[in-house]
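Beneath this line is the structure, given in structure tokens, with notes to follow.
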Amino acid sequence: MNSPATRGRNGRSRRAPRGRSRFRLPMRYLLPTTFLVALLAMLMLRGYVHSEILADHRVRDADYNTRVPKDVRSGGPVIDARSGDATTLRIPDRRIVLTFDDGPDPVWTPKVLDKLKEYDAHGVFFVTGNMAARYPDLVERMVAEGHEIGLHTFNHPDLSYQSTGRIDWELSQNQLALAGAAGIRTSLFRPPYSSFSYAMDNKSWPVTEYIGSRGYLTVVNDTDSEDWKRPGVRAIVERATPKDGKGAIILMHDSGGDRSQTVAALDTLLPDLAERGYTFTRLTTALDAPSAHTPVTGSALWKGRAFVSAVAVSERITGVLVVGLAVIGVLVLARFGLMLLLSFLHARKVRRRNFGWGPPVTRPVSVLVPAYNESACIEATVRSLAASEHPIEIIVIDDGSTDGTADLVEAMRLPRVRVVRQRNAGKPAALNNGIRHARYDIVVMMDGDTVFEPATVRELVQPFGDPRVGAVAGNAKVGNRDSLIGAWQHIEYVMGFNLDRRMYDILGCMPTIPGAVGAFRREALDRVGGMSEDTLAEDTDVTMALHRDGWRVVYAENARAWTEAPESVQQLWSQRYRWSYGTMQAIWKHRRAVIERGPSGRFGRVGLPFVSLFMVVAPLLAPLIDVFLLYGLVFGPTGRTVAAWFGVLVVQAVCAAYAFRLDDKERMTHLISLPLQQILYRQLMYVVLLQSWITALTGGRLRWQKLRRTGAVEAPGGSSGRRPQGPGAAAGAVDRRPYV
Numbered sequence: 018m019n020s021p022a023t024r025g026r027n028g029r030s031r032r033a034p035r036g037r038s039r040f041r042l043p044m045r046y047l048l049p050t051t052f053l054v055a056l057l058a059m060l061m062l063r064g065y066v067h068s069e070i071l072a073d074h075r076v077r078d079a080d081y082n083t084r085v086p087k088d089v090r091s092g093g094p095v096i097d098a099r100s101g102d103a104t105t106l107r108i109p110d111r112r113i114v115l116t117f118d119d120g121p122d123p124v125w126t127p128k129v130l131d132k133l134k135e136y137d138a139h140g141v142f143f144v145t146g147n148m149a150a151r152y153p154d155l156v157e158r159m160v161a162e163g164h165e166i167g168l169h170t171f172n173h174p175d176l177s178y179q180s181t182g183r184i185d186w187e188l189s190q191n192q193l194a195l196a197g198a199a200g201i202r203t204s205l206f207r208p209p210y211s212s213f214s215y216a217m218d219n220k221s222w223p224v225t226e227y228i229g230s231r232g233y234l235t236v237v238n239d240t241d242s243e244d245w246k247r248p249g250v251r252a253i254v255e256r257a258t259p260k261d262g263k264g265a266i267i268l269m270h271d272s273g274g275d276r277s278q279t280v281a282a283l284d285t286l287l288p289d290l291a292e293r294g295y296t297f298t299r300l301t302t303a304l305d306a307p308s309a310h311t312p313v314t315g316s317a318l319w320k321g322r323a324f325v326s327a328v329a330v331s332e333r334i335t336g337v338l339v340v341g342l343a344v345i346g347v348l349v350l351a352r353f354g355l356m357l358l359l360s361f362l363h364a365r366k367v368r369r370r371n372f373g374w375g376p377p378v379t380r381p382v383s384v385l386v387p388a389y390n391e392s393a394c395i396e397a398t399v400r401s402l403a404a405s406e407h408p409i410e411i412i413v414i415d416d417g418s419t420d421g422t423a424d425l426v427e428a429m430r431l432p433r434v435r436v437v438r439q440r441n442a443g444k445p446a447a448l449n450n451g452i453r454h455a456r457y458d459i460v461v462m463m464d465g466d467t468v469f470e471p472a473t474v475r476e477l478v479q480p481f482g483d484p485r486v487g488a489v490a491g492n493a494k495v496g497n498r499d500s501l502i503g504a505w506q507h508i509e510y511v512m513g514f515n516l517d518r519r520m521y522d523i524l525g526c527m528p529t530i531p532g533a534v535g536a537f538r539r540e541a542l543d544r545v546g547g548m549s550e551d552t553l554a555e556d557t558d559v560t561m562a563l564h565r566d567g568w569r570v571v572y573a574e575n576a577r578a579w580t581e582a583p584e585s586v587q588q589l590w591s592q593r594y595r596w597s598y599g600t601m602q603a604i605w606k607h608r609r610a611v612i613e614r615g616p617s618g619r620f621g622r623v624g625l626p627f628v629s630l631f632m633v634v635a636p637l638l639a640p641l642i643d644v645f646l647l648y649g650l651v652f653g654p655t656g657r658t659v660a661a662w663f664g665v666l667v668v669q670a671v672c673a674a675y676a677f678r679l680d681d682k683e684r685m686t687h688l689i690s691l692p693l694q695q696i697l698y699r700q701l702m703y704v705v706l707l708q709s710w711i712t713a714l715t716g717g718r719l720r721w722q723k724l725r726r727t728g729a730v731e732a733p734g735g736s737s738g739r740r741p742q743g744p745g746a747a748a749g750a751v752d753r754r755p756y757v
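Mapped onto this note's numbering, the consecutive letters of the sequence shown carry residue numbers 18 to 757.
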């Protein structure tokens, strides 16, 4: 025995470390979790740089100025409080410092830069960190063309409302964006919502003092173009022109709205002032001071670049998500519209008084019931078949059960019931074995946890009156719908079978004959090689194979079967994971149909795209609706976001209500849980589908999984049969061997 140690490749023992248990998260869970966390981080970063997180749009009214030094109130627009004693500086005569706030903007900043370059003028751009991080190439161009950069905070809040910690954060994040965009730091700062020195008050002055203590020059202005009011080009030029040849710091904007008047004003202002002997220069040049820029190196530079790169990635991802949301919105609406139209046409066709598939089918058929450890429900299944109104033989294929399933069936001693025993080999092998034992040319297949109504088999086989029909899908319904998760699946089944299958029937591309209730022409099965073990969705696989072989596959709405749906999230996860992965396998297996001719090509160019789009791609994108709902609720616009989400919900509710109306036995009260289903159930299906994608892309293998059955499902008015008996049928026993 080698229990205390493990053996290496050379056969020698290698003792495992004691006291530590190694927990490894399976890749199929790790990758979806990592993806979702990364996506959330990108969305949060996007909200951060768009001033949707930590934004503060309050603007304080003017206050008294008793605490502001008189020299500052009567001084110049450059305030130096770095040494503790504040001094002010003015721009020398005939020198102009053009300043532009709130950028860079992808539309207006390039036009402003073009005008400055055209007239060989320089200026100062007070940039916000969120805009600099989103458009780093414009910041880099500013520096490359000789302009000066100043800080204007990251999110443009009124700093008089903020703590010193928040002020430091605004400055550091602004510098981080500059480092990533242009590889520099700057010592110039302009507070948001500032104007002239004389406008300093008891609320803004402490901020200026604190900014100075952090090593910055505070730059306000002494000439306001008021371009933000958009008063017209002439008014902007008049207000921006200094009087009597004096120097000036002129306030303008290159972002924050339509700046076409600003750009047009520069076309007049720059040549006019140049003719009067003015020069347009950087602030530090005008003051004969050292440059405000300091190169950033080392880790600070890499942090800045990493931040700017992350912002770029988040912008692209958000752009992709927005496109994805638009795509899924169109797909959802188109699909629902198509379902409603084609479902109506299907119902109208098959419910006509003179409608018929051909001569009535009255000959006996074989019903196959593959079973593995189904002692909890096999008796109800067989008794429901024994009450069939159509002549049948019943073949129960026991696939190596260990709970006495076969013994229970034999003990019932019902006529026309045979038990075929085999070693555990899986559902496809059991079905193929049943086909070999079947006596008749029409074969009905059902699951061991399903019960039929007396008319189910008769309704299911009538389409075989048309010799072109190779298979028929019945109407599978959820029997255990009392729980919330059962109600959600009930809604899904009713919509899926009453709308989806009607649509696929009309289009001639039915993707799946459900394992719970389906019928096949034996000749058709023989021609495609029977049930394949190549995929985990043998029902989808064989249905696609029948289409490619030229057979019609149709839907019988009145062939109802009541099945036991998973009653826990774990069981539902396991079932849908297998279904999703198996469907992907079937699509991949039959991919060549897209380029083939004849019936195979028709299915490949119609059926496969529909199945891929509506069963794989659309469900994967559908949660974007909920992601943007959450994003919109937190960051806005809340009203439009909620309206859009409820709009989609209303469309789904209309489709669900119509599906329930088509099924005469369904009550609308079950639709009460539809909103909650959309919020929770859709996310579960999304993660399951994402996990299936990852399993497929990483080459993982998935085995058959046995779901725990309770035997609580019965046909309306029927009996569920005796309680489970026999070996392994004790209460609470769960068999985990792979099968259903």
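A virtual CB, placed ideally from N, CA and C, is assigned to each residue, including glycine.
Residue i, enclosing alpha helix (DSSP H) - first and last residue
{"i": "Ser401", "result": "Ile395 to Ala403"}
{"i": "Glu165", "result": "Where Glu165 is concerned, there is no enclosing alpha helix (DSSP H), although the beta strand (DSSP E) it sits in stretches over Glu165 to Leu168."}
{"i": "Phe663", "result": "Thr655 to Leu679"}
{"i": "Arg508", "result": "Reading the sequence as shown, one finds Ile at residue 508 and not Arg. Its alpha helix (DSSP H) spans residues Leu501 to Met512."}
{"i": "Ile70", "result": "Per DSSP, Ile70 belongs to no alpha helix (DSSP H) and is neither H nor E."}
{"i": "Gly355", "result": "Reading the sequence as shown, one finds Leu at residue 355 and not Gly. Here the alpha helix (DSSP H) through Leu355 covers Gly315 to Val367."}
{"i": "Leu647", "result": "Leu641 to Phe652"}
{"i": "Ile253", "result": "Val250 to Ala257"}
{"i": "Thr302", "result": "Leu300 to Ala303"}
{"i": "Ile228", "result": "Ser221 to Ser230"}
Burial state of residue i, where buried means 16 or more other Cβ atoms lie within 10 Å
{"i": "Asp517", "result": "buried"}
{"i": "Ser221", "result": "buried"}
{"i": "Asp556", "result": "buried"}
{"i": "Arg369", "result": "exposed"}
{"i": "Asn191", "result": "buried"}
{"i": "Gly373", "result": "exposed"}
{"i": "Met601", "result": "buried"}
{"i": "Ser736", "result": "A caution first: Ser736 carries a pLDDT of 43, below 50, which makes its placement in the model unreliable, though a value can still be read off. Counting Cβ neighbours within 10 Å, Ser736 comes out exposed, since fewer than 16 surround it."}
{"i": "Val571", "result": "buried"}
{"i": "Ser38", "result": "Confidence is the limiting factor: at Ser38 the pLDDT is only 49, short of 50, which leaves the residue's position unreliable, though a coordinate-based value still follows. Exposed."}
{"i": "Met685", "result": "exposed"}
{"i": "Pro528", "result": "buried"}
DSSP beta-bridge partners of residue i
{"i": "Val434", "result": "Ile411"}
{"i": "His310", "result": "Thr203"}
{"i": "Lys494", "result": "Trp579"}
{"i": "Pro387", "result": "Ile414"}
{"i": "Gly140", "result": "Leu115"}
{"i": "Asp110", "result": "Partner(s): none; Asp110 has no beta bridge."}
{"i": "Thr51", "result": "Per DSSP, none; premise fails for Thr51."}
{"i": "Ala488", "result": "Phe537 and Val570"}
{"i": "Val461", "result": "Val384 and Ala536"}
{"i": "Thr105", "result": "Ile96"}
Residue i versus residue j: straight-line alpha-carbon distance, rounded
{"i": "Cys526", "j": "Tyr594", "result": "23 Å"}
{"i": "Ala603", "j": "Pro408", "result": "34 Å"}
{"i": "Phe142", "j": "Val236", "result": "11 Å"}
{"i": "Asp416", "j": "Leu53", "result": "40 Å"}
{"i": "Arg577", "j": "Val534", "result": "8 Å"}
{"i": "Leu195", "j": "Ala150", "result": "8 Å"}
{"i": "Val413", "j": "Leu706", "result": "33 Å"}
{"i": "Met73", "j": "Thr170", "result": "Here residue 73 turns out to be Asp, not Met, going by the sequence shown. Looking at the two C-alpha atoms, the distance is approximately 12 Å."}
{"i": "Val313", "j": "Arg299", "result": "20 Å"}
{"i": "Gly341", "j": "Leu625", "result": "21 Å"}
{"i": "Val382", "j": "Leu650", "result": "57 Å"}
{"i": "Gly182", "j": "Asn219", "result": "19 Å"}
{"i": "Trp721", "j": "Leu357", "result": "For Trp721, the predicted structure reports a pLDDT of 46, less than 50, and the residue's modelled location is therefore unreliable. The matter cannot be settled from this model."}
Continuous beta strand (DSSP E) stretch holding residue i: start and end
{"i": "Ser180", "result": "Looking at the DSSP string, Ser180 is not in any beta strand (DSSP E), and its letter there is neither H nor E."}
{"i": "Arg538", "result": "Gly535 to Arg538"}
{"i": "Ala265", "result": "Ala265 to His270"}
{"i": "Ile696", "result": "Careful: Ile696 lies outside any beta strand (DSSP E) and carries neither H nor E."}
{"i": "Phe818", "result": "Residue coverage of the chain in this structure runs from 18 to 757, which leaves residue 818 outside it and unanswerable."}
{"i": "Leu234", "result": "Leu234 to Val236"}
field: Runs of alpha helix (DSSP H) wholly within the stretch 517-578 (minimum 4 residues, chain order)
entry: 518-524, 539-545 and 555-565
field: 3 or more residues per run - each beta strand (DSSP E) lying fully within the stretch 571-636
entry: none
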